[in-house]
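Residue numbers (the working numbering), protein chains in the order written: chain A, 248 to 450; chain B, 7 to 162. Glycine residues also receive a C-beta, built at the ideal position from the N, C-alpha and C atoms. If you're wondering where the values come from, they're calculated on a predicted model, not measured in any experiment.
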């Protein structure tokens with residue numbers, strides 16, 4: 248399926264799919280932190296590969312990211328991403344500590360963040376799979392702390408085999424009292440979009 | 007300064023220099039002509055095209071980008087025999103994902119074989135490992151600067 252040829256109706260359906268996934272992920276995050284977490288309306292973008300590395304605070308911003316490969320009826324990836332400061336606050340909130348308590352990001356923090364990202368990604372994808380009656384499983388998570396641009400570039404490399412652009416369905420989570428800037432990207436493979444839209448009856 | 011985006015390439019002359027930010031599994035390939043003090047930089051994303059029907063901007067593939075970069079330099083007066091190559095990138099950012107983890111190596115291998123075909127020597131490189139890099143090619147000296155969070159600044 249050519250991304251550029253998607254109709255307005257199909258884009259709306261994908262936006263809806265994104266909202267459902269995001270809502271479930273936000274619920275999971277609220278439960279983990281035992282406090283309400285907000286979620287912005289998902290943004291859906293079809294972008295040239297060359298522009299993607301700049302979408303999260305500039306290519307050289309230091310971020311932590313967790314990548315989950317999607318396996319099954321639809322393929323692609325889920326990418327969790329947050330700046331280092333947000334990761335530290337997230338770790339504090341998960342331990343019910345005041346944000347700012349954790350100062351360094353080590354193995355223990357990495358394991359915790361990886362685990363949380365994995366739960367968020369899995370609940371997002373499970374909601375979509377349930378709605379569209381698909382079998383989709385996330386792979387084991389892979390963590391990296393490095394430049395945002397390089398991470399986004401690697402996560403969209405496979406899309407580059409088939410097209411010049413890729414689809415990003417981005418969800419931002421926020422927490423009222425602390426500045427937590429967490430994004431979750433759903434990166435469906437373009438052939439899988441057809442499967443997904445077909446199951447929703449609008450291929 | 008001339009910034010080269012993902013899957014793009016550019017050539018320029020003094021007093022400008024070339025930069026490409028945040029290479030992950032991509033390769034930053036710099037070609038330099040010390041006589042004319044000019045050069046080019048490519049941000050290569052993938053080894054070679056599998057789907058030849060894909061016509062739009064094939065410069066993200068090593069098999070296209072390397073010969074085109076050489077061509078672009080020849081056009082501004084730098085013959086192939088004078089060019090030297092320096093490269094960086096090709097990292098395995100997500101180690102546990104086997105498909106994504108091997109792309110960097112495959113990119114580096116394809117760039118090497120393309121350069122071998124064109125008989126352009128690689129005089130310096132910082133390839134592999136698992137960290138992101140930003141590279142700059144300075145045209146007064148041919149200095150290739152590789153920056154990363156893990157190792158700071160390396161001068162090749």
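Rounded to the nearest whole angstrom, the CA to CA distance from residue 42 of chain B to residue 17 of chain B is 12 angstroms. Taking the C-beta atoms as reference points, residue 324 of chain A is found nearer than 8 angstroms to residue 317 of chain A.
Among the residues facing chain A, residue 47 of chain B is not included, as its CB has no counterpart in that chain under 8 angstroms away. Secondary structure at residue 371 of chain A: helix, using DSSP grouped into helix, strand and coil.
The three-state secondary structure of residue 139 of chain B, taken from DSSP, is strand. A residue is called buried when at least 16 other Cβ atoms come within 10 angstroms of its Cβ; residue 146 of chain B does not meet this threshold and is exposed. Non-local C-beta neighbours of residue 413 of chain A in its own chain, meaning closer than 7 angstroms and more than five positions away in sequence, comprise 294, 296, 299, 403, 406 and 434, ordered along the chain. In the structure shown, residue 19 of chain B falls within a strand segment according to DSSP collapsed to helix, strand and coil. Neighbourhood of residue 351 of chain A in chain B, by CB distance below 8 angstroms: empty, with the nearest CB roughly 15 angstroms away. Residue 425 of chain A and residue 341 of chain A have their C-alpha atoms roughly 13 angstroms apart. In the assembly as shown, residue 356 of chain A is a buried residue. Its beta-carbon has 16 or more other beta-carbons within 10 Å.
For the pair of segments examined, the segment 49-56 of chain B was found to touch the segment 112-128 of chain B: the number of CB pairs separated by less than 8 angstroms reaches three. Beyond the five residues adjoining it in sequence on each side, residue 20 of chain B comes within less than 8 angstroms, by CB distance, of 43, 44, 145 and 146 in the same chain, given in chain order. In this structure, the straight-line span from the alpha carbon of residue 422 of chain A to that of residue 321 of chain A is close to 31 angstroms. Residue pairing for residue 33 of chain B: DSSP places it in a beta bridge opposite B:50 and B:95.
296, 297, 298, 299, 300, 306 and 307: these are the residues of the segment 295-307 of chain A whose beta carbon lies less than 8 angstroms from some beta carbon of chain B, given in chain order. The segment 74-87 of chain B makes no contact with the segment 364-375 of chain A; the number of CB pairs closer than 8 angstroms stays below 3.
Listed in chain order, the positions of the segment 143-158 of chain B with a beta carbon within less than 9 angstroms of a beta carbon of chain A are 153, 154, 155 and 156. Following the DSSP letters along the chain, one finds residue 385 of chain A inside the beta strand (DSSP E) bounded by residues 383-385.
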